[in-house]
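Enquirer: In the numbering used here, the protein residues as written are 1473 to 1796.
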Amino acid sequence: MDRELINIFMTGLLSFLITFLVTKKLIPVLKRKSFGQNIRTEGPQSHLSKSGTPSMGGIAIIAGTVVATIIGGISGMDIESAIVCSAAFVLFGLIGAIDDYLNIARGKNEGLTPKQKLFLQLIFALGFAVYFACFRGVSTAMYIPFIKINLDLGILYIPFVVFTILAMTNGVNLTDGLDGLASSVTLIFSLCMLTFIRGIGAIGTELFFIALVGACIGFLCFNKKPAKIFMGDTGSLAIGGGITVAAFTVNMELLLPLVGIIFVCETVSVIIQVSYFKITKGKRLFRMTPIHHHFELGGMSESKVVCMFGAITLAVGVFVLFLA
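1) What are the complete beta strand (DSSP E) segments, minimum 3 residues, inside the stretch 1566-1633?
2) Compare the beta carbon distance of Ser1527 and Gly1704 with 9 Å and say whether it is the shorter of the two.
3) Smallest Cα separation from Ile1701: which of Ser1487, Asp1474, Ile1490 and Ala1532?
4) Need the endpoints of the alpha helix (DSSP H) that Phe1749 sits in, please.
5) Excluding sequence positions up to five away, which residues of its chain have a Cβ less than 8 Å from the Cβ of Cys1557?
6) Measure from the alpha carbon of Val1788 to the alpha carbon of each residue in Phe1668, Tyr1573 and Asn1723, then state which is nearest.
7) Could you compute how far the alpha carbon of Ser1523 sits from the alpha carbon of Asp1572?
8) Could you check if Cys1606 is buried or exposed, using at least 16 other CB atoms within 10 Å of its CB as the buried criterion?
9) Given Cys1693, which residues of its chain have a CB within under 8 Å of its CB, disregarding the five upstream and five downstream residues?
10) Do three or more CB pairs link the stretch 1774-1790 to the stretch 1633-1653 at distances below 8 Å?
11) Candidates His1764, Leu1638 and Ala1654: which alpha carbon is nearest Gly1599's?
12) Leaving out five residues on either side along the sequence, give the residues of the same chain with a beta carbon under 7 Å from the beta carbon of Lys1589.
13) Can you list, in chain order, the residues of its chain whose CB lies under 7 Å from that of Gly1626, leaving out five sequence neighbours each side?
14) Which value, in whole angstroms, describes the spacing of the CA atoms of Leu1769 and Gly1583?
15) Please report the straight-line C-alpha distance between Leu1563 and Ile1751, rounded to a whole angstrom.
16) Just to check my reading of the structure: Ser1741 and Ile1711 have Cβ atoms closer than 8 Å, yes? What is that Cβ distance to the nearest angstrom?
17) Got a sec? Which residues, its chain only, sit under 7 Å from Lys1697 by beta carbon, not counting five neighbours each side?
18) Would the beta-carbon of Ile1689 fall within 9 Å of that of Leu1659?
19) DSSP on Pro1526, reduced to helix/strand/coil?
20) Expressed to the nearest angstrom, what Euclidean distance is found between the alpha-carbon atoms of Arg1475 and Arg1670?
21) Please identify the residue among Gly1782, Gln1745, Met1724 and Cys1779 whose C-alpha is closest to the C-alpha of His1766.
22) Can you tell me whether Leu1537 is helix, strand or coil according to DSSP?
23) Less than 7 Å between C-beta atoms, sequence neighbours within five positions excluded: which residues of the same chain meet that for Gly1484?
24) Please determine, among Gly1754, Lys1753, Ala1699 and Gly1782, the residue with the shortest C-alpha to C-alpha distance to Ala1733.
This is the structure we're talking about:
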């Protein structure tokens, strides 16, 4: 096994250990401080029993991913990409942490307003867009898989980066609604992305994705049904911002909506539901959205929905791998 593979393996292992240990220590601390999840009353009634389950577990995911990525980046001699991916993880996670804290402090499911959350995401997304366009030293071209050509977006590049970051960040956030769902889908997504970028010399980005794999496995030990802790917006926003910025570092941004098909479907289901509700003046197309609730209310157990969404992510990832 060459040095690069050893570094990748050790990065994933380190991330797993840090996330596992931090999560284990975090659960009793959050319980003592009454940092429990407030369940929306308009959600599935079966979820009301989860009220009080410790939230903000994303702190552990961020700790494991960032520490392992930076250490691995130093060893792999690609510290810039490692820092960029880690910075996105921390900054978007910070937005989620503020939202989670306000939710808990106010004793109800009311943290940052949607406008406040979107504004903060927009500021950070714009910062990364400007960095990629002006300081990264890469072109403003977008690689199109399957036909394998580069399309120069020119002045549209910055709006494209901002839109993609916002869309994917909120897509992951919407996916985090069942025990182990967001962490399972992210785990498979990250493995697929790691496979795509192996061998192109993007060591820092490779290390970020393997660190995220390790963090998701470590967190799933406590987040699988019945969940002992939730990642909260701290984790879901960190993951959404991190994976999107990481994809841009290797010009693989159009793989995001393909391999991240579940994140896209969760978002689209909400948009369709709201639009249909307004057009028909009160009728619903789905039982409940995001769409994982539609299947849940249709009689599927949480575990089956998680397995189905994970299988879809893996199937699409393999399909794209062979054709892209």
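Glycine included, every Cβ here is placed at the ideal spot set by N, Cα and C.
Expert: Looking at the atomic coordinates:
1) 1613-1616 and 1621-1624
2) yes
3) Ala1532
4) Run containing Phe1749: Ile1733 to Ile1751, per the alpha helix (DSSP H) assignment.
5) Thr1541, Gly1676, Thr1677, Phe1680, Gly1714, Val1717, Ala1718 and Thr1721
6) Phe1668
7) 14 Å
8) Under this definition Cys1606 is an exposed residue.
9) Phe1492 and Thr1495
10) yes
11) Leu1638
12) Ile1567 and Asp1571
13) Closer than 7 Å at the Cβ level, and outside the excluded window around Gly1626, lie Thr1612.
14) 26 Å
15) 37 Å
16) The pair is not a contact, with the Cβ atoms about 19 Å apart (cut-off 8 Å).
17) Exclusion of the five residues before and after Lys1697 leaves Asp1651, Gly1652, Glu1774 and Ser1775 as the residues of its chain whose Cβ lies within less than 7 Å of its Cβ.
18) Yes, Cβ-Cβ distance for Ile1689 and Leu1659 is below 9 Å.
19) strand
20) 14 Å
21) Gln1745
22) What sits at residue 1537 in the sequence shown is Thr, not Leu. In the structure shown, Thr1537 sits in a helix (DSSP, three-state: H, G or I).
23) Ile1682, Ala1683, Val1685 and Gly1686
24) Note that residue 1733 corresponds to Ile in the displayed sequence, not to Ala. Nearest of Gly1754, Lys1753, Ala1699 and Gly1782 to Ile1733, Cα basis: Gly1782.
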